[in-house]
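Working notes, beginning with the structure itself.
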Amino acid sequence: MSRHDRPANRKFHGVISEDRVQEQTERMGVYPFTFTSSAIIATAALLGYLVLPVLLSMAGVDVKVTMLALGPLCVSLALAATRYLIDSKRGVTRGFWVTFAVALSVLLTITYLLVFRGVAL
């Protein structure tokens with residue numbers, strides 16, 4: 002079936018059709034990322050690691066400390082929110098908090114190593 006043969010009213014969830022989302026979720030147990038969730042996570046990364054640290058540095062706050070505090074927090078919250086509230090509509094469950102905590106701890110470690118220790122990954 003070529004792209005011209007597809008029905009015009011077919012709904013898509015990210016890059017796959019809605020009927021394939023159910024199949025993928027049942028088979029693998031994982032909801033696919035959407036363009037919306039990717040944009041939200043990228044925006045959170047820009048805010049947490051670039052925009053807010055620069056704005057707060059104008060108020061006299063150290064950029065490194067701001068990046069360490071806000072970057073991982075923004076990105077991990079965006080990741081958990083998009084996975085559990087936008088992509089799957091599961092709501093704030095135990096998995097939401099586990100995703101948030103794991104992402105936060107990993108991003109805190111990576112940010113600390115990059116910003117304060119100069120470790121290139």
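Letter by letter, the sequence shown follows residues 2 to 122 in the working numbering.
Beta carbons: idealized from backbone N, C-alpha and C, even for Gly.
Nearest to residue i by CA position, among the options, is which residue?
| i | options | result |
| --- | --- | --- |
| L48 | F36, T35, V64, F34 | V64 |
| T110 | Y32, M68, V93, G92 | M68 |
| Y32 | S89, A43, L57 | S89 |
| L115 | F34, T44, S38, Y50 | Y50 |
| T117 | V93, W98, V66, T37 | Position check: residue 117 holds Phe in this sequence, whereas Thr was assumed. Selected option, being the one with the closest Cα: V66. |
Below 8 angstroms on the Cβ atoms is my guess for residue i versus residue j; work out the distance and round it to an integer in Å.
| i | j | result |
| --- | --- | --- |
| A79 | I41 | 5 angstroms |
Verify whether the separation of the beta carbon atoms of residue i and residue j is less than 7 angstroms.
| i | j | result |
| --- | --- | --- |
| A46 | S77 | no |
| I87 | S39 | no |
| F97 | Y85 | yes |
Quiz item: Should the segment 70-77 be regarded as contacting the segment 104-119, the criterion being three or more beta carbon pairs within less than 8 angstroms?
Solution: Enough Cβ pairs lie closer than 8 angstroms, so yes.
Quiz item: Where are the alpha helix (DSSP H) runs, 4 residues long or more, that stay fully inside the segment 53-119, in chain order?
Solution: Here the runs fully enclosed are 53-58, 64-82, 95-116.
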